[in-house]
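Okay, so here's the structure we're looking at.
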Amino acid sequence: MRIATYNVNGINGRLPVLLEWLRQTKPDVACLQELKSPDEKFPERAIGDAGYGAIWLGQKSWNGVAILARECKPEETRRGLPGGTGDTHSRYIEAAVNGVLIGCLYAPNGNPRPGPKFDYKLAWLNRLKAHAAGLIGVHAPVILAGDYNIIPTDFDVYKPERWIKDALFVPEVRKAFADLISQGWVDGIRKIYPDERIYTFWDYFRRSFERDAGLRIDHFLLNPVARKRLSTAGVDRATRQLAKTSDHAPAWIELLDL
DNA sequence: ATGCCGTGGAAACCACGA
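Note that the numbering used here has the first sequence beginning at 63, numbered continuously upward.
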């Protein structure tokens, strides 16, 4: 079972690239972020024609998350993290697909720091941690996949010194990721590639992709049941080279079938 | 050191992203 995550940066503008990627790589589940689309403009028909059922949580212009499942409809279990009174951002949706519980998340960027956007990021990550604490012990595979907007370590950024004060890399934010790991979650991509440079995002400008000046900010966290089934992982770098592409590349993990 | 590019929405610029 292949589970992918892809920050599409606008699902309607990105539709040709998204459909090409689905056609070529055929993930069983695809977690999408940054739809930048209100619910009524989600391209349900085009995605259905491509062979995918979908659930989504959009909003006008910003944010937005969706879960796609090949040849079936995800069984939605939650929309929005708990404790979100007054939070208008569409950043979390969760579903069961073939016995695997999938949380699809788009964490806040948090820049500029300090400021209200950074405070919101830390508060949101605290809510994620609280929800994750309740999922870690579920007796089924659980995957928390998405754009965490966190560079976990020096090894996950092309030039750490340039990012020291950035909201993706400051100690408080890296600690939030480490706290999740302390709960018992496993960083799936790093588990498969302990010693390789893996990036999932490259800026559009300064020829970042050509220079491989990237960041690893899209992650899969696996609970212990899911970890036992983890077999392979990867990043679809070819998709990052297509015309009109996102600044993120899709990332994926493979779980052994039972 | 930097939104230099790109998207969406409103309005021919602005907010926002990482």
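Glycine included, each C-beta is placed from N, C-alpha and C at the ideal position. Values in this document were obtained by computation on a predicted structure and should not be read as measured data.
Put simply, the backbone Cα of Gly199 is about 34 angstroms away from that of Ser99. In this structure Arg302 is in contact with Ala311, their Cβ atoms being roughly 4 angstroms apart against a cut-off of 8 angstroms. In this structure the stretch 72-80 lies against the stretch 99-111, because at least three pairs of beta carbons, one per stretch, are closer than 8 angstroms. In this chain, the beta strand (DSSP E) harbouring Gly115 covers 114-119. If you draw a 10 Å sphere on the C-beta of Arg278, you find 16 or more other C-beta atoms in it, and that means buried. The beta-carbon distance between Leu187 and Ala169, rounded to whole angstroms, is 6 angstroms. This is short enough to meet the 8 angstroms contact definition. Thr307 is classed as buried because its beta carbon has at least 16 other beta carbons within 10 Å across all chains shown. Only residues of its own chain outside the window of five on either side were considered, and among them Pro89, Asp90, Trp314, Glu316 have a CB closer than 7 angstroms to the CB of Arg64, listed in chain order. The beta carbon of Arg299 sits closer than 7 angstroms to those of Ala311, all from its chain and outside the five residues before and after it, given in chain order.
From the listed residues Ser270, Lys253, Trp264, Ala305, the smallest Cα separation to Phe282 is found for Lys253. Close CB contacts of Leu184 within its chain, under the 8 angstroms cut and outside five residues either way in sequence, are with Gly172, Glu234, Val235, Ala238 (chain order).
Taking a 10 Å sphere around the C-beta of Tyr266, we find fewer than 16 other C-beta atoms and assign the residue as exposed. Per DSSP, Asp90 lies in no beta strand (DSSP E) segment and is marked neither H nor E.
Taking a contact to require three or more Cβ pairs closer than 8 angstroms, the stretch 189-198 and the stretch 77-96 do not qualify as touching.
For Phe282, the uninterrupted beta strand (DSSP E) segment begins and ends at 280-284. The shortest CA-to-CA distance from Gly276 to any of Arg291, Asp149, Arg259 is the one to Arg259. Taking C-beta separations shorter than 8 angstroms and ignoring five residues to either side along the sequence, the partners of Ala108 in its chain run Leu77, Leu81, following chain order. With distances taken between CA atoms, Glu137 lies nearest to Gly115 out of Asp257, His201, Gly115.
Contact check for Ala194 and Leu242: beta-carbon distance about 6 angstroms, within the 8 angstroms limit, so the pair qualifies. Residue pairing of His310 in beta bridges, as defined by DSSP: Phe263.
Residue state for Asp149 is assigned as coil, using DSSP reduced to three classes.
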